[in-house]
Amino acid sequence: MSLNISLLTAITGLNVTRTAIDVATQNVANANTEGYSRKIINLESQNIVGQGAGVRISSITRQVDEFLLRDLRIQTAAFSASEVQKQFFDSMQDLFGTLDSNSSLTTQISDLASAIEALAITPEGIAQHLDVVNAAVNMAQRFNGMSDDIQKLRLEAETEIAAAVEDVNLQLASIADLNLRISKLVGSGQSSTELEDQRDLALSRLSNYLDISYYYRGNREVVVSLGAGDALVDRLELPLSFTPSSSVSAANNTFGAITLNSVDITDRIRSGRIRGLIDLRDTSLPQMQAELDTLATKLRFQLDKIHNQGVGLPPSNALTGSRMFAGTDPFSGTGIVRISVLDSNGDFVDDNAGSAAVVDLDLAGLPVPANVTDVVDAINAAFDPAVATASLNSNGQLVIRATNATYGVAIHENTSAIAVGDETAGFSHFFGLNDLFTTGANYDSYSTAQQPSSTTPLGLTGDLVFDGYDTVGAAPFTQAVAYVPGDTLESIATKINADPTLSGAGVNITARVIREGGFYRLQVTDANGDNFFLSDGGGGTLVSSLGINRDRTGESAELSVRSNIVSNPARLSRGTLSLAGAPVIGDTGVAIGDNTAAQLLANKFSEKLSFAPSGGLPSLGNTLPEYATAILSLNATKADNVAASLEYRGNLVDQLSFQATSVSGVNIDEEMARMVLIQNSYNATARMITTISEMLDLLVDMVR
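Offset between the sequence shown (1-based) and our numbering: plus 31.
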């Protein structure tokens, strides 16, 4: 070997050690840089014509464990989903309060029960009337506030989904750009380690939002897909599209899809922060809304049913219905309702014919088919107009008024019964003449109870019968939609929408299946806002089997105490109109100390009621306060489960992150020790060059 070759060999060693120093310095400088991985110089011997000619750098690589990184990104997605759910459940806990909180729904309902119980003990007490109204208003406002909070959280989730999709697209664009730059460097034989670190960081950020899978091509390009297989980056990025809703309500359970190449991938996202937000928006929060609506509906229906059976003292001069009707709306009822006019002391007054002003109206005696105008006419025919009149006001509300301004109207439901879906209401309750709570809902929309599937055959046979009024044809209609055992919620909705009578402009009844927190309901609505009624026919039991009733979606948001009761608490029902036969003028219609209605209201709070499955709650037999407690308990349990899941996944992510960092992270002590070795190597190589230089000088001198 010549001295020249020896010198070249030594110089290669010097060059390698110089690069090694650069790499070590870079490692130390980036020890705390996010996403940086330790770089390693890989060496190989250099040969010239088969002879050793020093050393060269074969490559500079990153020290990473790809398998650990894959596992870490999978668990990061799951952790992020639990993390965002924990944030929202903590918010719900703060908003709704604990079970023993004075502001909790259970406490509010119990406070109302206590106030009504006090009224039953002292029915003539002014303070007791005021306490009931205040407690009822506070409770209704609590329902309203909780419903509003739920929808605000849903809107917040919707907004965060939009922001997450935007950041996902930024990461996808970054990965695609880095792919191009990396492939160019690899193709030209240059190191791409720094760019690969940046790309790894983008992949890790992406895994916060989505469950991803990926693989590398030979040129170190990475191909990224959803866990379900949909490509996200394949040389070019494939951005997601999402248009968020600007507002959210309990009735809105349909949101814009997250799309990829115009294909809906919302349900194909299986993990990550976006999945957690979707589950909150579409499942967890709607379930709580459904539970709240179920409680509000049951409470309103049960208390209004009793309140309509009672009378305040002095009785109201006029009873005005809380629901709106057209005179042509169908009416079908059975039984007898007692309507009377009383003086301020609760005694029967003269009917202008020498008898007590009392009418026992037989609903079966109305024309067949009957409508609301027939009801108004029957009442007017039964009373002298100088005593009492009935009419529909400009809002379509039934009004029964005592002509003498000092008198009042009292009603006893007696045996009256009007079927509304799967429920039965008395005459006053049907029109809402003496409601305690109102929601503003009419009879223009119905829905089934929750069903586990929209595509599973129901196994029922019969007819779903519609009764209403065709505003274009100017005639009442009765239309039956037949169903068979193989029909599902979806197919029944299709049959209703395809029926020419129901889809006509004068009827315009439509059906759809709505998703409610992982369950489904068949919703049937008159798009014109006209009242119609549903019943079973053809031997079928669809209405009763599926629990079809007036649609209660969002009822908790609309629950309020009737305004005229708020302004005059004396209108609270506390007694009951006498059903004594053939009363005479001056007989007691409602005694001053009568507490029958108030006591029935108080008893309702301790009565076990049947609650159909709703939200995340199964079918229950609870009192009203118990069901409120069940809602809060379920939410607390879910919050605890999410917290436990977050802790488990957090520990797993920490463990994997520690292991990955142990491999790819920079250990400054190790790097400094390596620097000593490099320095020694550098010194030795430099000494070799000096020695060879001296030998060359000596050789030159000898030649001279």
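Using N, Cα and C, we set each Cβ at its ideal position, and we do this for glycine too.
Integer Cβ distance of residue i from residue j, believed to fall under 8 Å
{"i": "residue 146", "j": "residue 166", "result": "4 Å"}
{"i": "residue 717", "j": "residue 45", "result": "7 Å"}
{"i": "residue 499", "j": "residue 562", "result": "7 Å"}
{"i": "residue 216", "j": "residue 230", "result": "With a Cβ gap of about 12 Å, residue 216 and residue 230 do not count as contacting."}
{"i": "residue 615", "j": "residue 387", "result": "6 Å"}
{"i": "residue 524", "j": "residue 544", "result": "6 Å"}
{"i": "residue 227", "j": "residue 93", "result": "6 Å"}
{"i": "residue 564", "j": "residue 533", "result": "At roughly 13 Å, the Cβ-Cβ gap does not stay under 8 Å, so residue 564 and residue 533 are not in contact."}
{"i": "residue 296", "j": "residue 261", "result": "6 Å"}
{"i": "residue 378", "j": "residue 617", "result": "5 Å"}
{"i": "residue 555", "j": "residue 596", "result": "The Cβ separation is near 32 Å, so there is no contact."}
{"i": "residue 469", "j": "residue 593", "result": "5 Å"}
7 Å Cβ cutoff met for residue i and residue j
{"i": "residue 645", "j": "residue 321", "result": "yes"}
{"i": "residue 369", "j": "residue 335", "result": "no"}
{"i": "residue 108", "j": "residue 352", "result": "no"}
{"i": "residue 635", "j": "residue 333", "result": "yes"}
{"i": "residue 681", "j": "residue 665", "result": "no"}
{"i": "residue 578", "j": "residue 659", "result": "no"}
{"i": "residue 119", "j": "residue 184", "result": "yes"}
{"i": "residue 426", "j": "residue 339", "result": "no"}
{"i": "residue 590", "j": "residue 171", "result": "yes"}
{"i": "residue 475", "j": "residue 364", "result": "no"}
{"i": "residue 253", "j": "residue 263", "result": "no"}
{"i": "residue 626", "j": "residue 154", "result": "yes"}
{"i": "residue 315", "j": "residue 588", "result": "no"}
{"i": "residue 354", "j": "residue 473", "result": "yes"}
{"i": "residue 106", "j": "residue 684", "result": "yes"}
{"i": "residue 213", "j": "residue 248", "result": "no"}
{"i": "residue 397", "j": "residue 405", "result": "yes"}
{"i": "residue 181", "j": "residue 319", "result": "yes"}
{"i": "residue 371", "j": "residue 624", "result": "no"}
{"i": "residue 42", "j": "residue 72", "result": "no"}
{"i": "residue 641", "j": "residue 652", "result": "yes"}
Counterpart residues of residue i in DSSP-defined beta bridges
{"i": "residue 391", "result": "369"}
{"i": "residue 443", "result": "369"}
{"i": "residue 497", "result": "510 and 565"}
{"i": "residue 272", "result": "290"}
{"i": "residue 401", "result": "362"}
{"i": "residue 304", "result": "None; residue 304 has no bridge partner."}
{"i": "residue 379", "result": "373"}
{"i": "residue 554", "result": "478 and 543"}
{"i": "residue 421", "result": "431"}
{"i": "residue 580", "result": "478"}
{"i": "residue 350", "result": "431"}
{"i": "residue 295", "result": "290"}
{"i": "residue 642", "result": "651"}
{"i": "residue 606", "result": "342"}
{"i": "residue 87", "result": "75"}
{"i": "residue 138", "result": "Residue 138 is not bridged to any residue."}
Classification of residue i by the beta-carbon crowding that lies within 10 angstroms, buried from 16 upward
{"i": "residue 416", "result": "exposed"}
{"i": "residue 686", "result": "exposed"}
{"i": "residue 457", "result": "buried"}
{"i": "residue 116", "result": "buried"}
{"i": "residue 704", "result": "exposed"}
{"i": "residue 32", "result": "Residue placement at residue 32 cannot be trusted, given a pLDDT of 48 that sits under 50; what the coordinates show is reported in the next sentence. The residue is exposed, with fewer than 16 neighbouring Cβ atoms inside 10 Å."}
{"i": "residue 452", "result": "buried"}
{"i": "residue 422", "result": "exposed"}
{"i": "residue 504", "result": "exposed"}
{"i": "residue 679", "result": "exposed"}
{"i": "residue 324", "result": "buried"}
{"i": "residue 114", "result": "buried"}
{"i": "residue 157", "result": "exposed"}
{"i": "residue 731", "result": "exposed"}
Contact test: residue i Cβ vs the ligand COA heavy atom, cutoff 6 Å
{"i": "residue 161", "result": "Looking for the ligand COA in the displayed structure turns up nothing, as the structure carries no ligands at all."}
Cβ contact (3+ pairs, closer than 8 Å) linking the region 137-144 and the region 254-274 = Short answer: they don't touch.
Inter-stretch contact at 8 Å, needing at least 3 Cβ pairs: the region 491-500 / the region 555-575 = Touching, per the Cβ criterion.
Three-pair Cβ contact test at 8 Å for the region 97-116 versus the region 234-252 | In short, these stretches touch, since the Cβ pair count reaches three.
Would you say the region 478-487 touches the region 532-551, given that touching needs at least three Cβ pairs under 8 Å?
-> Contact between the region 478-487 and the region 532-551 is present, because at least three Cβ pairs lie under 8 Å.
Would the region 116-132 and the region 662-671 be scored as touching if the rule is three or more Cβ pairs under 8 Å?
-> Result yes; three or more Cβ-Cβ pairs closer than 8 Å.
Does the region 432-451 touch the region 600-611, meaning 3 or more C-beta pairs lie closer than 8 Å?
-> At 8 Å Cβ cutoff, the stretches touch.
Spell out a yes or no on whether the region 421-440 and the region 345-359 are touching, meaning 3 or more CB-CB pairs, one atom from each, closer than 8 Å.
-> The region 421-440 is in contact with the region 345-359.
Could you say if the region 175-192 and the region 300-320 meet the contact criterion of at least three C-beta pairs nearer than 8 Å?
-> Segments in contact, yes.
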